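Below is one structure, written out as structure tokens, with a few remarks after it.
Residue numbers (UniProt numbering): 1 to 313.
Below, the structure is given as structure tokens:
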């Protein structure tokens, strides 16, 4: 679908470094810390920014020099980009008017998309009166109504509360079944819920790319493992990455014998109801664990072992 060949881009004080990437039609997440270069890549794909070097292809056609309005890619910026002086209806209608579609066709499309995204009762309102989740739906509707070949989303849930975030994620799952989506986020949990393929980006470079399950289960190095929420544990001269749910914790008493287990102390605990997160001090560093029982307290000595781990390079 989309192929980036040797793309470099200097933007202010930041630089993309020789990006090579070939994406298929499955839901793709550009994942990485803030300032990694994800938005610059997306804007180059959209045509908003032009690379300093390299070429961009869509279905093997070179689109590097094609302006954004002729690519027919739906782009939703992080700030939604809605016109505050226009109603929701007119915001959604705007692109259709530019394409000079007739009034009846415009009305038909707006009714269909507003029902699909559950914003049909908001059409007469102004964007400034809407919640963040409602504004996000309007921005997505404005992009989708033009029947784009791809939907490009720049951190679509970053400004939303938990409830609205969950709703938008469910909407995006539905949309992702209808057309390809390239979606930026720095939230690895969101990436896990939505992405089929993950592109991990850091400091203007692609660190890893592939199937979601492979990427999250095989972090390439310590930096990526930390970003994915792994505990980093040094033991017997090796470096291990262990996810919190793969840490086995049991209470220790002085009669216990232990060989392959680590000894620690609980120094923090947060109760989520059906499970707890534990902060455990091991020597001079702490790790996080998920625990499902009620028999431990802060200050308890514990033994630690691992159900599953990765050895980091």
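The C-beta atom is built at its ideal place from N, Cα and C for all residues, glycine as well.
Small disclaimer: the values here were computed from a predicted structure and weren't measured.
CB of residue i within 9 Å of CB of residue j, strictly
i, j, result
"residue 308", "residue 243", "yes"
"residue 54", "residue 205", "no"
"residue 287", "residue 275", "no"
"residue 251", "residue 187", "no"
"residue 99", "residue 146", "yes"
"residue 29", "residue 281", "no"
"residue 247", "residue 241", "no"
"residue 23", "residue 73", "no"
Residue i versus residue j - alpha carbon distance
i, j, result
"residue 180", "residue 150", "5 Å"
"residue 190", "residue 255", "44 Å"
"residue 102", "residue 91", "16 Å"
"residue 76", "residue 235", "46 Å"
"residue 12", "residue 277", "41 Å"
"residue 317", "residue 292", "Coverage of the chain is limited to positions 1 through 313, which leaves residue 317 absent and any answer about it impossible."
"residue 110", "residue 20", "38 Å"
"residue 1", "residue 238", "41 Å"
"residue 249", "residue 214", "26 Å"
"residue 107", "residue 5", "41 Å"
"residue 200", "residue 104", "44 Å"
"residue 45", "residue 211", "21 Å"
"residue 16", "residue 227", "20 Å"
"residue 127", "residue 47", "26 Å"
"residue 216", "residue 124", "44 Å"
"residue 137", "residue 168", "8 Å"
"residue 172", "residue 305", "38 Å"
"residue 18", "residue 208", "14 Å"
"residue 135", "residue 310", "41 Å"
"residue 336", "residue 230", "It is not possible to answer for residue 336, since the shown part of the chain is limited to 1 through 313."
"residue 32", "residue 192", "13 Å"
"residue 263", "residue 302", "6 Å"
"residue 3", "residue 56", "6 Å"
"residue 198", "residue 25", "13 Å"
"residue 60", "residue 285", "50 Å"
"residue 71", "residue 34", "27 Å"
"residue 79", "residue 43", "14 Å"
Collapsed DSSP secondary structure at residue i in the structure displayed
i, result
"residue 119", "coil"
"residue 125", "coil"
"residue 26", "coil"
"residue 13", "coil"
"residue 183", "strand"
"residue 155", "coil"
"residue 188", "helix"
"residue 209", "strand"
"residue 214", "helix"
"residue 167", "helix"
"residue 89", "helix"
"residue 240", "strand"
"residue 173", "helix"
"residue 8", "strand"
"residue 146", "coil"
Any chain B beta carbon closer than 9 Å to residue i
i, result
"residue 241", "This model lacks chain B altogether; it includes just one protein chain."
Any alpha helix (DSSP H) of 4 or more consecutive residues that is wholly inside the stretch 36-79: For the stretch 36-79, the continuous alpha helix (DSSP H) assignments of 4+ residues that do not extend past its boundaries occur at 38-46, in sequence order.
Quick one: which unbroken beta strand (DSSP E) runs of 3-plus residues sit fully inside the stretch 244-279? Chain order, please. The stretch 244-279 is shown to contain whole beta strand (DSSP E) runs of 3 or more residues at 247-251 and 262-271, in chain order.
Would you call the stretch 164-181 in contact with the stretch 79-89, where contact means no fewer than 3 C-beta pairs closer than 8 Å? Under the Cβ criterion (8 Å, minimum of three pairs), the stretch 164-181 does not count as touching the stretch 79-89.
Using a Cβ distance threshold of 8 Å, determine whether the stretch 39-53 contacts the stretch 218-228, with at least three qualifying pairs required. No contact exists between the stretch 39-53 and the stretch 218-228.
Cβ pair count under 8 Å reaching 3, the stretch 262-275 against the stretch 196-210: Counting Cβ pairs under 8 Å, fewer than three are found: no touch.
The stretch 60-73 touching the stretch 114-129, judged by at least three CB pairs closer than 8 Å: The stretch 60-73 vs the stretch 114-129: no contact.
Pair every Cβ in the stretch 130-138 with every Cβ in the stretch 152-161, then say whether three or more of these pairs are closer than 8 Å. Per the Cβ contact rule, the stretch 130-138 is in contact with the stretch 152-161 (3 or more Cβ pairs under 8 Å).
I'd like the ranges of any beta strand (DSSP E) spanning at least 3 consecutive residues and lying wholly in the stretch 286-311. Taking only runs of at least 3 residues, the beta strand (DSSP E) segments lying wholly in the stretch 286-311 are 301-306.
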